[in-house]
Amino acid sequence: MTELRREVDVAELPTVTFGPRSLMWWGTLGFMTIEGWTTAILVVSYFYLRQNFDAWPPLRTPNPSLLIPTINLLIMLVSLVPARLAADAGKRLDLAGVKRWLAVTSIVSIPIVALRWWELWALNTRWDSNAYGSAAWMIVGFHTSLLLLDVADTLGLTLFYNIREMPAKAFSDTADNSFYWYFTVGIWIPIYLIVYVGPRIV
Amino acid sequence: MHSAFDPHSPQARAVAHLWWSMFAVGGVIWIAVIVAMLIAIARRGDVDFGGRKRGLTIFVAGTGIVLATFLAYDFAVGHDLAKRGAPTLTIGVTGHQWWWEIEYEDLRPSQRMVTANEIHVPTGQLIEFKLRAADVIHSFWAPNLNGKRDLIPGYASSQWFQADTPGVYRGQCAEFCGLQHAKMAFLVVAQTPTDYLAWRTASAAPHTPPADSIAATGLKVFLSSGCPLCHTIAGTDARGTVGPSLSHLASRQTLAAGTLLNTRANLMGWIVNPQALKPGVHMPAIPLKPAELNAVVTYLETLK
Amino acid sequence: MKARAVLAASVILLPACEREDRRLNAVPPNPPQQFVSEVRLQPGPTEMSDTTEGPYDDNAPGTAEGQRLFSQMNCSGCHSNGGGGMGPALMDDQWIYGSRPDQIFASIAEGRPNGMPTWKYRLTTQQIWELVAYVRSLSGLTPKGARPTRSDHMMVKPANSQTPNAKPKNTVKP
Amino acid sequence: MTLPADVIEREALELDRVWSDRQGFWGWLTTTDHKSIGKRYVATAFLMFVAGGIEAALMRAQLARPGNTLIGPDRYNQLFTTHGTTMMFLFAVPIMTAMGLYFVPLMVGARTVAFPRLNAFGYWTYFVGVVFLYVSLFANTAPDVGWFAYPPLSGPEYSPGHRVDVWAQVVTFTEIAALVAAVNIIVTTFKMRAPGMSLNRIPLFVWAQLVVAFMIVFAMPAVATGSTLMLAADRAITMHWFNPAEGGDVLLWQHVFWFFGHPEVYIIFLPAMGFITPIIETFTGRPVFGYTALVLSNITTAFFAFGLWVHHMFATPIPEVGQSLFTAASMVIAIPTGVQIFCWIATLWGSKPRLTVPLLFVLGFLFTFVNGGITGVMLASVAFDKQAHDTFFVVAHLHYVLLGGGVMPLFGALYFWFPKVTGRRLNETLGKWHFWLFLIGVNLTFFPMHILGLNGMPRRVYTYLAETGWGTLNLVATIGAVTIATSVIIFLIDVVMSLRGGELAGDNPWNSSGLEWATASPPPSFTFLHTPFVTGRHPLWDVKDGLPVVTGLSTRERQVLVTTTVDALPDYRHSMPSASIWPVYLALCMGVVFIGSIFSPYFVLGGLGISLLGLLGWGWSGVGERQEERVALPDGAVKVL
Amino acid sequence: MLRAESTCPMSLRLFVIIGLAASTVSCKSEPKTPGVVLSARTGGSPSNSDTTVSDDGQWLRPAKDYASTRFSGLSEINTGNVKNLRVVATFSTGVVRGHEAAPVVAGNTMYIVTPYPNTVYALDLTKPGFPAKWSYDPKPEAASQGVACCDVVNRGAVFDQGRLFFNTLDDHTIALDAATGKPVWDTKLGDINTGETITMAPLVVKGKVLVGNSGGEMGVRGWLKALDERSGKVVWTAYATGPDSSVLIGSDFKPFYASDKGKDLGVSSWPPDMWKIGGGTMWGWIAYDSTLDLIYHGTANPGPWNNDVRPGDNKWTSAIFARHPETGAAVWAYQLTPHDSHDYDGINEQILIDLPINGQTRKVLVRPDRNGYMYVMDRATGEVLSAEPYGVVNSSSGVDLKTGQLHVNADKIPTVGKVVRDICPAAPGTKDWQPSAYSPRTGLIYIPRQNLCMDEEGLSANYIAGTPYVGMNVKMFAGPGGNRGVFQAWNPATGREAWSIKEDLPVWSGALVTAGDVAFYGTMEGWFKAVDARTGTLLWQFKTGSGIIGQPISYRGPDGHQYIAVLSGVGGWAGAILAGVVDPRDSSTAAGFVNAMRDLPSKTTKGGMLYVFSL
């Protein structure tokens, strides 16, 4: 073995960091990129298929309903607040705050998932009616899988915080969980505009 | 009989020229790289580092020039291939699993003609092919005459060429289309305009009822079996469009989309057990008694 | 132990082999010889089975070939895409002449008096059996994994693979 | 200051206790050690190479003479599809990322990858895919529509049964595995480099892996979208992405597939570029010429790779203007590749290289790959491509590129790093036999195919007529295939013999310069006793008075050093999770979801349900014990808890 | 009843029996206005020609008169008292398929022919409850049901010279002695094995029984045959396709438009041999103008529906012919829809009236066609005087009156593998077979019709004799407005709609209009409706047992009072969902019509009943 020579000592360095300094944040960013890109490919395909149609939505397919999706969008936007507050509490190492705001985020996120069911039917078409239906269902459906994943993550974290003592790095995880939630809500805005509002505009 | 190296049309010739020039330049580059590599490992002694950076610049510039030349040449050839006058003949080609339906178009509907797996064209004239797929994607390719073009469901496409010299050129489906992709060939028979017209007239001639009695029995057997449900023989009551048209079958050179030479033995074998010769083909084995088979084949052989 | 594992594995895999097997040169079983009874009533203790399988019922390529024949032999002209029209619907639970594979074989091969032609002189036994499998798939009587799903056509009905099993109810001749 | 030997010994013992896995099967199953996983990843992928090779050999046997009836069309179509799918999805990409997962941490001086459990999950997911495809092959349910699975042939109407579903889901498994690996490699490279390894000191191997990881992130979602979200949905739940009658479009598939498919070639080929540079450096004993040029050409290749996909579709009716653009892009990509070749030859030039087996494979690479590159430029020409497309000419081209540009460097790499991984060297003599037979075999098999293709022989045909005159050249190609098979058998014998009694290698048998050679062969469970400190591009060649290292990482837990992204300054100490069964469990859940989806959508729901359980378990077991922690608050302060 | 073999038996008989005409009606004289029937209207109002005059006490043929007006001169029932109509008799036919027939009344007997099995009943109108005098069962072949495209309907019998003539589904034309119900002759005209059936009501003109075949969806070759009224022997056969000799195009043939001129167009406008299986059947209505001595009939759609396999104009399908009844020789022909791609059969009724056009009165033929246009043609020459759309049409953009050409909208032509959406009108056309009525009093045509559009996809069509030869996937749905049916009053003089009534379901019954200015029609829900012929106001309605697709008639009973009769019994193409054993989950079922009719079973049920109403 080569002879070793001490150059630096890192014993004093921190063990928990937040945001871009932490590994988990980068991992989260990686998956956001993959999922965002997948969504982008679906959206491009949606517009590609649109060229095959004279009308969009196709003839005798009503426009998507806006009521439920808009309500859900508003709930999602509102949910950003507790998510942000939870992240902030985490960054302050405020255990009570983290518990409180995680719980609020969890409670707010459940109706989002529930409304998603009616949101799919608000497309007013079926996935097996035609390519328009397939594309619209698939985009919303794929986002639903992201949504479920993050809601499950939030619920799990909330659960853990309430049944055991969590180490400090969980504060960082809480912040990353909120970070992913911003993404989930963030890409929903263009999806909402493209899939639900778009057919009404053009 | 079937090669891009042996062009018989201006289109295929332009591509062949492009190929040979790319081959020459590419070959020189390949040899140069190998020689450089061999010199590099053979030269013993630490050679100085100077000049490499300039070498890199020159190399990049050189590569760029070669590529730009290729590109320009390719665009020129592409331009030539895309350029075409009004076709003198339009032929519809529909790809089926696994045979080709050929329709000679004509502004007078009654002069249209449908045949299969063998395309006759006059030489010296631009022929346009309207390509359509009946099921999956196929690709129309007669290498001696022009490059390939895909037949894609939901899309209309076309290809064209002008055969220079009379001859028989083989073509084959070039896009994987399922079980019998390998046995989906066709022949392009280029003929002088006179010969072509003669063939065209003969092929449009109505069916004459068979004179000899065995053939007449054959027709009867043909019509009372499953054959007419899939095949057409112009002028008879057989009007099926599922399989290739058998009108003038005897004048074709091959059977089963270029799979077999059109001989009596092959025809018999094909009718009795097509699955042995082309497994998976949609034609079932026709249960005929030997005498019936003999009669049917005798009849089919009269379809010149 | 090892032998048992191998046996278990083959039991799992065998249906798959069966289901995907392209029987290019198959010799299908002979057509049913007996005449088909058009009533369910029979004197004495009854033991009627509706579970018999046609040779291609659990065979996806065979069923697909049946689907092809169904449109090419113009079955679809009368029976549409299973919904009927000039002929009776095939995707519902009503069977005038019985839903068993041998009964359907007989219907196709022999024809039926109210307009169903006889096909036995035109189609081979194998082709008729393939049609039987497809016809049964229309009402969900064949295993789901072997049934065709949507074809590349206008969507006029739910895919066969989505059709719930319509438990046959034999009805009398109209 | 030099570290005292007793401290080193004590620390080594403590670290080994913390990092090593439990004994026995359970330890083997639950390991998150990137080296264990990397090894089994490479071994599984190589097994797939052998399996794909056997399929190829069977196909060559069938094609040896015209009208052969050895294998019927049904089996042949399954074989060539399985061959293509295996080679692309189960061999080439996995083995390249596996090499990265094993070596990137070693080369950047890290103890493990950034996400060890994710790494294990990736491997097991891939493993499920492997098992699935091969079980289906033996159950006569292997896909038979080509590795490209063009609809409508692969659609529900023309591919009844589940064969294509198997394909679509096998692809899904490998997508997940590749994406997980890519994220791991990216974060490992960005955040876990040894202090001092700034961006301009990253080894070219790692650069290549990094670039490829980014390509995976942007390419793989395309085919995942196509296969899982579109094709499988069309087949299973009656969607209409590819049904022209209901507004779908069969060319959409070709776009999404080749948007992945072309970068895929570079995903296979660029890591090989990373193998070549250290081999050339080591055996010429000098730094490679044009480090910056090589890095830049890697990056440009990656960018251009996304702009070429349409050249797979020149025979389709798409606008000619678009085709011209793609022709130009396809030709331009030759420049960065040419630059790389120039740099390597310039490095070799007059260097008195040691002609060991790894270097021989690099030379074989040049001989073969340049040929494939030149035919690649030819195929970029629309006019010529319309003749050559979908013929054996393309088969020849792609095998020259992939065998020459991927497999040959891979063999070189296996010979080169085998001592590091196993502690023993491979036999040089057998290696030379392997090399020469392989080189001859590849050229004998594939060179005739150029001529066959232009003589009109289409791809994917299970037989051909004697009248076509293709018999002789096909026979030559089959003989070549036998030669290749022989060479691979020699290699396998060499591996088995060397594992048993090969020459012991020592830490750095080739006198190489990379950090991976700074630790023992095979590396200990903790990889590096101390994280090295990097002062140049060639750490071991730069060493003057002992390797500079970092101290202060805990020896009581799996702690690694995280550094800053650009300059690689020490930033914080990160605790890695322990071994866990949950990655295996979750991979099996993926199996339930995706394999089950073929049979019923309810499997998806059920599978997701049990996956949630797995996620909870994963999260629970990853929380770790509360201990003294130093938290870096966002405002810069450090709070000790 | 006069039995004289007069050169002009009809008008003479009319004159003698009812003496309605104010002025002498003679065979060769210029037509004059029958003053009693026609109230004087302000200048320029259309008048009916001699061919419309008929015996208002009886109803001898489904269209009432040779001019196909379905106008009854009886006026006892009028707009004021129609609300008092009540059922006076019912009669169950014993069949529950689509009843498209019109009862015919001759003397004191009413004759009904049922759908398959085509039983004929003679009802005695003199006795209470109209008991059956006799019935006749022709026992048609059961297999014929399997080749009848659109239910096993029959559109009625015809009475002439003491005999009743009717067709059976299995291609027989039978003459019965009207008094005894004994068959006089029975001629087999076609072969169900090739897909031929007969559903039309024959017409007797000048001692010839005119009969055409059905089966355009089975790849048959359409024909119209004339049978000798006495012997049943076929006198002439005019095919719709093929060489001029078989279409009976000879030296008399003088079509108005250049596109209809040429030799053997019935062959040269088809790909080789396709004319032999090209459709052009004749299952609709025939009119007769005794002045010009011409019969007018249409030909149905070309086969198969998939138009890819039959490039060309496909003459003489979807056309109108004028022929001499004795020889069948064509005098002119006009192709309404050349190269039809949407099943626009040209078999609808032609109403022969006199119409003021540009200040002069022209003898015209009015044809509300399937393709969506109301053709007004000079019936002597075949010139199209106007062709206005009377429903929603986007499959074409109008008719060029100079060339006679229909401007087809190429975007709406389906080909194999291509789905074309939103084609209006749908395959049954703006109006199908269901005949309209014309009232000389109001000058309006009363059109029962549908308002449907469709999606179409071409499929490859394989010809197998005796099996359907269609090659099209069709999905129909309600047109703009959402109502599937319309009862429309149309002014042929102005080419404008006068009024219309929206009906939820297609109006698949015939129309009747009376001198009491009441128009009658039935709906598929089963409502039998009477509306004011001038305004369209609903005056009375009655719910029958099943949906109505029959043709209402009016006659004077033995008691001297006016009666209205109609058959109720849903079915036909529109009612296929009830008539056949179909499954509405398949929207292509019954060639796509079922998709538009999924709710029919919830609105009515099968039936087969005659209803007779009176004040």
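Chains as they are written, first to last, in this note's numbering: chain A, 142 to 343; chain B, 251 to 554; chain C, 15 to 188; chain D, 313 to 953; chain E, 133 to 747. For every residue, glycine included, the Cβ atom is placed at its ideal position computed from N, Cα and C.
Short CB-CB distance (under 9 Å) between residue i and chain B
i      : result
D:W661 : yes
D:S799 : no
D:R772 : yes
Test: residue i CB closer than 9 Å to a CB of chain E
i      : result
B:V343 : no
C:P182 : no
D:P629 : no
Closest residue to residue i among the options (Cα-Cα distance)
i      : options                        : result
D:W479 : D:W932, D:R547, D:F530         : D:R547
E:P580 : E:M608, E:D501, E:D396, E:F609 : E:D501
D:R870 : D:A880, D:I592, D:T795, D:H886 : D:H886
D:S332 : D:H346, D:V319, D:S923         : D:H346
B:K554 : B:Q409, B:L429, B:S453         : B:S453
D:F444 : D:T397, D:A692, D:F679, D:F554 : D:T397
E:L257 : E:P270, E:Y243, E:D269         : E:Y243
Contact under 9 Å by Cβ, residue i with residue j
i      : j      : result
E:W417 : E:G410 : no
C:G129 : E:V279 : yes
D:A376 : D:N786 : yes
E:G460 : E:T369 : yes
Straight-line Cα distance separating residue j from residue i
i      : j      : result
D:Y774 : D:N380 : 9 Å
B:I387 : C:D166 : 13 Å
E:T251 : E:D664 : 35 Å
E:V714 : C:D71  : 24 Å
A:R162 : D:V943 : 12 Å
D:T489 : A:G160 : Checking the sequence shown, residue 489 of chain D turns out to be Ala, not Thr. Computed Cα separation, rounded: 26 Å.
D:E937 : A:T315 : 17 Å
Within-9 Å CB hit, residue i to chain D
i      : result
C:G154 : no
C:R164 : yes
B:S253 : yes
Beta carbon proximity, residue i to chain A, threshold 9 Å
i      : result
D:G931 : yes
Contiguous beta strand (DSSP E) assignments of at least 3 residues, all confined to the stretch 322-395 of chain B: Here the runs fully enclosed are 339-346, 349-354, 363-366, 368-372, 376-383, 388-392.
Unbroken stretches of the beta strand (DSSP E), 3 residues or longer, contained in the stretch 231-290 of chain E: Within the stretch 231-290 of chain E, the complete beta strand (DSSP E) runs of at least 3 residues are 236-238, 241-245, 252-256, 264-268.
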